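Peer 1: Residue 9 is where the sequence shown starts when you use our numbering, and the numbers rise one by one after that.
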Amino acid sequence: MRLLIVGTLDGQLGAASKIAMDRGAQVTHAPDIEAALTILRTRGADLLMVEVSLDIPTLIPRLMAEHFSLPVVACGIGTDPQIAAAAVRGGAKEYIPLPPDAELIAAVLEAVSEDSQQFIYRDAVMKEVAALAERVAPSEASVLITGESGTGKEVMARFVHEKSHRAKKPFVAVNCAAIPENLLESELFGHEKGAFTGAVARRIGKFEEANGGTLLLDEISEMDVRLQAKLLRAIQERQVDRVGGSKPVNVDIRIIATSNRNLQDAVKEGEFREDLFFRLNVFNLRVPPLRERPADIAALAAFFADKYADVNQVEKRPLSNEALVALKAHAWPGNVRELENAMHRSVLLASGPDIGVGAIMLPDAKGNLSMPSTLSEVSSPSGGEDAALASDEEVQAGLVGKTVAEVERDLIIDTLKHCLGNRTHAANILGISIRTLRNKLNQYNSEGVPVPQPGDTGQRAPV
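1) Taking C-beta to C-beta, are G158 and R345 nearer than 7 Å?
2) Measure the beta-carbon distance from M9 to D63 and round it to whole angstroms, keeping in mind my assumption that it falls under 8 Å.
3) In chain order, which alpha helix (DSSP H) runs of at least 4 residues are fully inside the stretch 247-310?
4) Considering only the beta carbon of each residue, do F285 and L298 sit closer than 7 Å?
5) According to DSSP, is R325 part of a helix, a strand, or is it coil?
6) Put E193 into one of helix, strand or coil per three-state DSSP.
7) Nearest to V355 by CA position, among A309, W340, P341, I13, is which residue?
8) Roughly how many angstroms separate the alpha carbons of A209 and P39, rounded to a whole number?
9) Excluding the 5 residues flanking V457 on each side, which residues of the same chain have their C-beta closer than 8 Å to its C-beta?
10) Thinking C-alpha only, which one of A303, N343, G98 is nearest V333?
11) On the DSSP bridge assignment, give the partners of M57 in chain order.
12) Compare the C-alpha of P146 against each of K171, G360, E277 and name the closest.
13) From T50 to V163, what does the alpha carbon distance come to, in whole angstroms?
14) As a quick exercise: from L240, D249, A82, E217, pick the residue whose alpha carbon is nearest that of A486.
15) Can you tell me whether DSSP reads V129 as helix, strand or coil?
16) What residue from E330, P361, P341, A306 has the CA that sits closest to E323's CA?
17) Identify whether F179 lies in helix, strand or coil by the three-state DSSP scheme.
18) Can you tell me which of the three DSSP states R443 falls into?
19) Would you call F127 buried or exposed, if buried means 16 or more other Cβ atoms sit within 10 Å of its Cβ?
20) Counting beta carbon pairs with one atom in the stretch 222-237 and one in the stretch 58-75, are three or more of them shorter than 8 Å?
21) Where do the N-terminal and C-terminal ends of the alpha helix (DSSP H) with E42 fall, by residue?
22) Starting from D418, trace the beta strand (DSSP E) both ways and give me its first and last residue.
23) For I212 and A43, what's the separation of their Cα atoms in angstroms?
24) The alpha helix (DSSP H) spanning V96 covers which residue range?
25) Starting from the C-beta of T46, find all residues in its chain whose C-beta is less than 8 Å away, skip the five residues before and the five after it, and write them out in chain order.
26) Please determine, among V96, R443, V35, Q90, the residue with the shortest C-alpha to C-alpha distance to P65.
27) With distances taken Cα to Cα, identify the nearest neighbour of R246 among R262, G252, L224, I187.
28) Note down, in chain order, each residue of its chain lying with its Cβ closer than 6 Å to the Cβ of R325, except the 5 sequence neighbours on either side.
29) On the DSSP bridge assignment, give the partners of I543 in chain order.
30) Is A207 helix, strand or coil by DSSP?
31) Output needed for Q404: all residues of its chain with C-beta closer than 8 Å, excluding positions within five of it in sequence on either side, in chain order.
32) Put A38 into one of helix, strand or coil per three-state DSSP.
33) From this set, R143, S229, V248, N320, which residue's C-alpha is nearest E277's C-alpha?
34) H173: buried (16+ other C-beta within 10 angstroms of its C-beta) or exposed?
35) Assign D318 to one of three DSSP states: helix, strand, or coil.
36) Based on DSSP bridge pairs, tell me the residues matched to P105.
The following block contains the structure:
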């Protein structure tokens with residue numbers, strides 16, 4: 009964990025940094041935001057801990073403009089809830105009061121680490137894949153991880169890194185599909201000041217940031233074929249040329265790539281270089297879709313239920329047998345990502361001693377949230393009548409007297425309030441597209457239902 013602490017606060021951040029280092033973090037200090045951006049351009053980081061008085065709402069857009077994707081934690085003396093709320097609304101992931109508490113610092117570091125590294129599996133099929141990953145991890149061989157979207161390819165990549173000899177060195181991921189084509193070259197290889205419009209300072213690329221560790225090229229199939237030639241040379245020579253630079257820079261990295269497409273088909277269609285494919289595909293790991301590893305569904309569902317109970321500060325509830333039947337009967341086209349969203353919803357909706365089938369709302373073919381009115385709509389693997397009976401008590405707990413449309417509306421509005429009106433975050437939690445969410449909110453507005461606006465939990469006018 010590379011932690012960058014920004015600010016002074018009369019030595020309180022120094023105490024926080026010592027606690028973090030005792031917990032195994034590599035800590036760097038910056039006195040202000042400008043110095044922090046300089047460090048990010050030249051060294052990179054995994055987490056920012058920023059003094060709350062340093063204008064976090066201005067920092068977040070600057071990070072996004074330079075494509076720095078890392079969580080920001082605000083910290084400040086005292087526990088004023090208004091200050092904490094302002095920091096979170098400004099884009100901070102958490103607020104930590106100072107003087108620092110050792111357990112709280114440790115929990116934040118662990119949470120950030122778990123967000124990207126937790127590897128949960130129980131199914132025999134997935135155990136075989138994990139065993140293969142452990143065997144290849146200690147080598148220097150490039151690994152190509154394939155599988156459908158949402159199966160956990162990046163989690164597998166981090167697992168390989170953690171089992172390798174480079175585990176204590178940086179793990180740097182770059183999403184080749186999320187960065188505009190004209191910026192991807194400088195993102196990978198870095199640039200010199202003035203190399204192009206907007207290059208306000210020298211910045212190292214992901215190759216240099218990952219030096220000594222592992223570089224993940226996520227969704228490599230989406231990279232433009234012209235940039236693939238430069239990537240191939242960088243991998244072969246272990247050298248990169250910064251955009252606008254005059255001499256190559258040596259790097260020592262291990263390459264892992266992921267793709268949800270068949271790269272061999274892409275090679276045949278002329279969309280992917282064959283020589284680059286063979287360079288990346290020294291060892292292939294296929295992450296199976298969730299429908300092919302049913303034993304993982306219960307384990308992952310329980311994990312996400314506990315995780316989002318903690319996030320939302322609600323009571324932890326176990327999954328009922330009927331809910332497990334419903335989960336295992338679903339096809340999960342969105343794989344683990346869809347399951348995570350479903351469990352987040354169920355945690356918010358559940359009432360009673362457990363998470364019942366009434367709280368499991370899954371999108372239908374059109375992306376609308378639907379809820380089985382009885383368990384007879386859910387096929388039981390065992391075919392037993394007991395598993396196919398509705399839990400009347402569960403349904404009655406807060407749901408009796410409401411239509412499915414009303415339950416859906418309440419869930420959407422409550423989720424939007426939880427996300428402080430942020431449509432994108434709410435859509436992700438609900439497991440629906442942002443377009444579907446906007447259509448629903450426009451419908452509610454036309455019906456006179458108050459809808460929270462971005463940045464607050466109040467109710468105002470149109471979406």
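A virtual CB, placed ideally from N, CA and C, is assigned to each residue, including glycine. Bear in mind that the values here come from a model prediction, so they are computed numbers and not experimental data.
Peer 2: So, to answer that:
1) Indexing the sequence shown from 1 puts residue 158 at position 150. Indexing the sequence shown from 1 puts residue 345 at position 337. Going by C-beta atoms, G158 is nearer than 7 Å to R345.
2) Along the sequence shown, read from residue 1 onward, the residue named residue 9 stands at position 1. Along the sequence shown, read from residue 1 onward, the residue named residue 63 stands at position 55. Not confirmed; about 25 Å, so no contact.
3) Fully enclosed alpha helix (DSSP H) runs of 4 or longer: 271-276, 282-288.
4) Along the sequence shown, one-based indexing puts residue 285 at 277. Along the sequence shown, one-based indexing puts residue 298 at 290. No, they are not a contact pair.
5) Here the question's residue 325 lines up with position 317 in the sequence shown. R325 sits in coil when the DSSP states are folded into three classes, being neither helix nor strand.
6) Here residue 193 refers to the residue found at position 185 when the sequence shown is read from its first residue. Helix, per DSSP.
7) For the purposes of this step, residue 355 is taken as the residue at position 347 of the sequence shown. Considering only alpha carbons, the answer is A309.
8) Here residue 209 refers to the residue found at position 201 of the sequence shown. Here residue 39 refers to the residue found at position 31 of the sequence shown. Approximately 19 Å, taken between the alpha carbons.
9) As a working mapping, residue 457 is identified with position 449 in the sequence shown. Correct list, in chain order: R417, I421.
10) Taking the sequence shown and counting its residues from 1, one reaches residue 333 at position 325. Considering only alpha carbons, the answer is A303.
11) Residue mapping note: residue 57 aligns to position 49 of the sequence shown, counting from 1. I13, V81.
12) Here residue 146 corresponds to residue number 138 of the sequence shown, with the count starting at 1. Answer by Cα proximity: K171.
13) Walking along the sequence shown from the start, residue 50 turns up at place 42. Walking along the sequence shown from the start, residue 163 turns up at place 155. Going from the Cα of T50 to the Cα of V163 covers about 26 Å.
14) The question about residue 486 has no answer, for the chain in this structure spans 9 to 471.
15) Along the sequence shown, read from residue 1 onward, the residue named residue 129 stands at position 121. Before going on, a small fix: residue 129 reads as Tyr here, not Val. Note: Y129 maps to coil in three-state DSSP.
16) As a position in the sequence shown, residue 323 is number 315, starting the count at 1. E323 has its Cα closest to that of P361, out of E330, P361, P341, A306.
17) Translated into the one-based positions of the sequence shown, residue 179 becomes position 171. DSSP places F179 in strand when its eight states are reduced to three.
18) Counting from one through the sequence shown, the residue named residue 443 turns up at place 435. Residue state, collapsed to three classes: helix.
19) Locating residue 127 in the sequence shown gives position 119, where the first residue counts as 1. Counting Cβ neighbours within 10 Å, F127 comes out exposed, since fewer than 16 surround it.
20) Pairwise C-beta distances place the stretch 58-75 out of contact with the stretch 222-237, as fewer than three of them are shorter than 8 Å.
21) As a working mapping, residue 42 is identified with position 34 in the sequence shown. Counting along the chain, the alpha helix (DSSP H) containing E42 begins and ends at 41-50.
22) The sequence position of residue 418 within the sequence shown is 410, counting from 1. It is not in any beta strand (DSSP E) - D418 instead sits in the alpha helix (DSSP H) that spans 412-426.
23) Translated into positions along the sequence shown, residue 212 becomes position 204. Translated into positions along the sequence shown, residue 43 becomes position 35. Going by the C-alpha atoms only, they are around 15 Å apart.
24) Translated into the one-based positions of the sequence shown, residue 96 becomes position 88. V96 -> alpha helix (DSSP H) spans 89-97.
25) Here residue 46 corresponds to residue number 38 of the sequence shown, with the count starting at 1. Within the same chain, T46 has close Cβ partners A38, A209.
26) Here residue 65 refers to the residue found at position 57 when the sequence shown is read from its first residue. The candidate whose alpha carbon is nearest that of P65 is V96.
27) In the sequence shown, residue 246 corresponds to position 238, counting from 1. Checking every option, the nearest Cα to that of R246 belongs to R262.
28) The sequence position of residue 325 within the sequence shown is 317, counting from 1. When the five nearest sequence neighbours on each side are left out, the beta carbons in the same chain lying within less than 6 Å of the beta carbon of R325 are those of A358, D362, I363, in order along the chain.
29) Residue 543 lies beyond the residue range present for the chain, which begins at 9 and ends at 471; the question has no answer from this structure.
30) Reading the sequence shown from its first residue, position 199 is the one you call residue 207. Note: A207 maps to coil in three-state DSSP.
31) Within the sequence shown, numbered from 1, the residue matching residue 404 stands at position 396. Caution applies to Q404, whose pLDDT of 44 falls short of 50 and renders its modelled position unreliable; the value that the coordinates give is listed next. Nothing listed; no residue qualifies.
32) Position 30 of the sequence shown holds residue 38. Correct three-state label for A38: strand.
33) Taking the first residue of the sequence shown as position 1, residue 277 is located at position 269. The shortest C-alpha separation from E277 is found at S229.
34) As a working mapping, residue 173 is identified with position 165 in the sequence shown. So H173 ends up on the exposed side.
35) The residue given as residue 318 occupies position 310 in the sequence shown. Three-state DSSP puts D318 in a helix.
36) Working through the sequence shown from its first residue, we reach residue 105 at position 97. Answer is G84.
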